[in-house]
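Read the structure below first, then the notes.
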Amino acid sequence: QPPALPSATSRVLIADDNADMRDYLTGLLSDAHRVTTVPDGLAALEAVRADPPDLVVSDVMMPRMDGLQLVAALRADPRTAGVPVLLLSARAGQEASIEGLEAGADDYLVKPFSAGELRARVRATVELARLRNHHAHWRAALIDSLQEAFFVCDERGAVVEINSAFTDLLGYGPGGLPYLPEHPWWPGTERHPEEHRLATETFTRLLEHPEGHHEAPVVHRDGHLLWVAIGFSEVHDPDTGGRMVVGTLRDITEERFAAQREAAMAAMGIRLAEASGTDEALRVAMEELRDLWHARRVVAAHRDETGCVRRIASVSEREPSPPGGSSPGTPEALGPSGRRERGADGGPSPDPVREALIGLYDTVPLRPVTTRDPAGVGITLDHPGGRLGLWIEPAPHRPLGPEDLTLLAVLGGRLGQALHRVHSFEQHRETALALQRAILGPDRLPDGFAVRYEPAARPLQVGGDWYDTVELPDGRIGIVVGDCVGRGLEAASVMGQLRSACRALLLESTGPARTLTALDRFAALVPGGICTTVFCGVLDPDTGRLVYSSAGHPPGILVRPDGGHDLLDGGRSTPLAVRPGHPRPEAERILPSTSVLLLYTDGLVERRRRPLDIGIERAATVVAESLDAPLQDLADAVMRGLKPSSDEDGGFVGPLPGAGYRDDVAMLLYRHTRPLEVTFPADSARLAGVRAALRAWLTDLGPERHVIQQVLLVAGEACANAVEHGHRDTPGGTVRLTARATARDIHLTVADSGTWRAPRPDPDAHRGRGLQLIRALTGRVTIDSDPDGTTVDAHVRIDR
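Heads up: the sequence shown at position 759 corresponds to 759 in UniProt numbering, and the numbers run straight through without jumps.
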């Protein structure tokens, strides 16, 4: 129950234009109340606003502002809406009473009235108002005790009630009620366009939905941006039935910034982990900073030992510039004084951005510095080559606050650590690449060969698998594909020793079986060499004869011109050093013309929980599908078609983007091209067709373009001489062109059945220079002539 009303403390304000009536009413009420009087309604309104009384007793008919107008004005002002009003009027009747009550009066008394009735009405009205205000104050205290900001909106979205937590959160108090939309705490369209859009969407949901929970940006009265969690529910006014919305706001700015900080650190960490060098790491970090704060641009500069600061990278909201270069047309170097180095003509005036970058080096690392001209934020951090400066120019609608500066310091520290880590890795990588280039295999291959190598130990690019081709003195070619146990540098060191030993043995003209037998003893002496698998073969490119032996290696795949395939599974024995001293078998195979030989290590075809035969069949299918493609394209197709797929077992149903092989892969392809033989009548009209056939054969062989042109010129001159001079007296004879490719040269033979004509001692200025041209274009040429005809043998060297 509310406390008993102490009548002596009740304040009553009397408003009446009749002085006698004011005195009369004062005399009736002053014994129980503290009474003050005013002469009209306007004075009463001012007095109530200055110090609200417990009751207003007002006459209806007054100058300047009558009683009904006074009631309306009091009810319209939230500060005075709860003050009770007792109206006195000489107008009798029910209609007059209804009019007064409808205007908002608490009671209506008709003159004349008795003193007792007036006292009773005054006391009852004051006690009811006290009781009502007691509940109102209790409700207000309850709402103000809420830790979350509380608000009430009417059906228009105007905020008509708030609590003290609301004022503490946003800086807007009850004195400004009602707050009409757009509310003053909405983000502005100029500084915060995206946040303004989000606030508008949230407000629309508040008006349209019966309840909801959302997150939205708001702006404190002092201008700083906040994020709040909004919860609201729809209610109805018990008096009018109108729609109202009751809601709360909770400050989640710190939570949001913490989440943003964690997300930014995670995103930058992922991108830095994927970077392959310091330049790329710096570039992706700058792009992350740009995207995080919607910055106009991010500029990086480096100070060398002389104190000269150079801009080394810049990314903007439009297009990035690669590290190592700055924006087009911008000079690079700045001197220690903070001004750009001037050229011979005096140079341009200082660049504000560069001045800002210079100023960063006067601060300690990882301490963000705000610049005014130009507006931005900068920071310095440790870099493998010295201190690195970063300067960010934020967008006008996204200024960087204190939380952003803290985040920049954290990200700067993370970037500095990553740059040192990547730099250290680069040094190891350069060492590994140098090792790889020294031990992997030949840089240049004989014609008809293509190779691919992909290690599993990324990104060092070295492993235990290898390929090799050895050009033997007799024109044959040694072919080796091997696979050491293990991965990485340790396996690569074993591989390098075995590869060198195998190459030396092949150059001693030992066959494949004897080479592997000797390699057995060597592998037993090399730590880690045991169980290495090797396919070793010797190929005669002229005849297509391949002699081979396999030390536990997967079988080679020979894809025939018709698309079918055979496995080279002969000559098989155990891996190296398993049974040293035991002789090894050999097998032989003739390669059909235009067939393709695929040699590989198990990483190309082996998958978890799948038989090896499935991978071998898949490899043969991929080669057959691209059999007519150029050899390099065919090699790419094999590596792409056999790359592990996205399924968990690592099958062959399609490559997983960005994924690599799970084991080292070495692959060697050889396409055997048969010799070209063309026999044609000794008729100059047939020379164009011969030239076309030779060009097609050369194109399939794949030497350099200038070699093709040399061969076409040599063959063209030799064939033209055979037609024009060899058969000048015996028309109707034949000419035969034969072309063969070896590892070192292209061998051309042009034979005719005519008679030899010796060159003139004084050749014509425009004719008779064919043999000179042939000799100039070939490394070796011989001419044999007898009564049965003439044969020209020419060898065009293939540059390597």
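From the three backbone atoms N, C-alpha and C, an ideal C-beta is built for every residue, glycine too. Here the structure is a predicted model, which is why all the values come from computation and not from measurement.
So, under 8 Å CB-CB, residue i and residue j are touching, yes? Tell me the CB distance rounded to an integer number of Å.
i             : j             : result
leucine 88    : threonine 80  : The pair is not a contact, with the Cβ atoms about 19 Å apart (cut-off 8 Å).
threonine 594 : proline 541   : Actually they are not in contact, since the Cβ atoms of threonine 594 and proline 541 sit about 13 Å apart, beyond 8 Å.
alanine 199   : glutamate 215 : The Cβ separation is near 11 Å, so there is no contact.
valine 85     : aspartate 66  : Contact flag wrong, Cβ pair sits at about 12 Å.
alanine 149   : leucine 249   : 4 Å
alanine 551   : proline 580   : About 11 Å separates the two Cβ atoms, so there is no contact after all.
leucine 206   : valine 245    : 6 Å
valine 38     : alanine 44    : 5 Å
valine 299    : valine 364    : At roughly 20 Å, the Cβ-Cβ gap does not stay under 8 Å, so valine 299 and valine 364 are not in contact.
leucine 598   : valine 559    : 7 Å
glutamate 717 : glycine 641   : Between glycine 641 and glutamate 717 the Cβ distance is about 44 Å, and since that is not below 8 Å, they are no contact.
valine 554    : aspartate 602 : Looking at the sequence itself, residue 554 is proline, so the reference to valine does not match. With 8 Å as the limit, proline 554 and aspartate 602 qualify as a contact, their Cβ atoms being about 5 Å apart.
For residue i versus residue j, is the C-beta distance shorter than 8 Å?
i              : j              : result
leucine 407    : alanine 285    : no
valine 422     : threonine 278  : yes
alanine 666    : aspartate 465  : yes
leucine 357    : glycine 412    : no
isoleucine 14  : valine 35      : yes
arginine 11    : proline 53     : yes
threonine 673  : glycine 486    : no
alanine 577    : aspartate 520  : yes
valine 796     : isoleucine 746 : yes
isoleucine 379 : leucine 360    : yes
serine 753     : glutamate 724  : no
leucine 687    : leucine 777    : no
glycine 104    : alanine 72     : yes
arginine 607   : glycine 615    : yes
alanine 267    : alanine 275    : no
Is it buried or exposed for residue i, if we count other Cβ within 10 angstroms and need 16 for buried?
i              : result
glycine 307    : exposed
aspartate 59   : buried
glutamate 211  : exposed
threonine 679  : exposed
glutamate 454  : buried
glycine 789    : buried
glutamate 704  : exposed
glutamate 95   : exposed
tryptophan 138 : exposed
arginine 398   : buried
alanine 263    : exposed
glutamate 208  : exposed
serine 114     : exposed
isoleucine 98  : exposed
aspartate 20   : exposed
glutamate 255  : exposed
From the DSSP secondary-structure annotation, give me the bridge partner or partners of residue i.
i                 : result
glycine 212       : Phe232
serine 684        : Answer by DSSP bridge pairing: none, since serine 684 is not bridged.
aspartate 793     : Thr749 and Thr782
cysteine 536      : Val480 and Ser549
leucine 676       : Ala739
cysteine 502      : Bridge partners of cysteine 502: none, in fact.
alanine 313       : Ala300
methionine 667    : Arg452 and Tyr600
residue 804       : Examination of residue 804 is not possible in this model, given that the chain is present from 1 through 800 alone.
serine 89         : Val110
phenylalanine 151 : Ile162 and Gly247
alanine 375       : Arg372
tryptophan 391    : Val299 and Gly378
glutamate 471     : Ile477
tyrosine 179      : Val159
proline 217       : Trp227
arginine 34       : Arg11
glycine 486       : Looking at the DSSP assignment, glycine 486 forms no beta bridge with any residue, so it has no partner.
leucine 558       : Asp566 and Leu597
alanine 587       : Tyr548
serine 573        : Ala551
leucine 60        : Sequence check: residue 60 is valine here, not leucine. Looking at the DSSP assignment, valine 60 forms no beta bridge with any residue, so it has no partner.
Original post:
Just checking, does the stretch 100-111 make contact with the stretch 153-165 on the three C-beta pairs under 8 Å criterion?
Top reply: Taking one beta carbon from each stretch, the stretch 100-111 and the stretch 153-165 have fewer than 3 pairs nearer than 8 Å; the two do not touch.
Original post:
Just checking, does the stretch 529-549 make contact with the stretch 474-484 on the three C-beta pairs under 8 Å criterion?
Top reply: yes
Subject >> Segment contact flag, the stretch 386-404 with the stretch 289-298, C-beta cutoff 8 Å, min 3 pairs >> reply: yes
Original post:
Okay, do the stretch 577-592 and the stretch 505-518 touch, 3+ Cβ pairs below 8 Å being the bar?
Top reply: Under the three-pair Cβ rule at 8 Å, the stretch 577-592 counts as touching the stretch 505-518.
Original post:
Any contact of the stretch 492-502 with the stretch 690-706, i.e. 3+ C-beta pairs under 8 Å?
Top reply: no
Subject >> Stretch-stretch touch, CB-based, cutoff 8 Å, three pairs: the stretch 162-177 with the stretch 188-202 >> reply: No, the stretch 162-177 does not touch the stretch 188-202.
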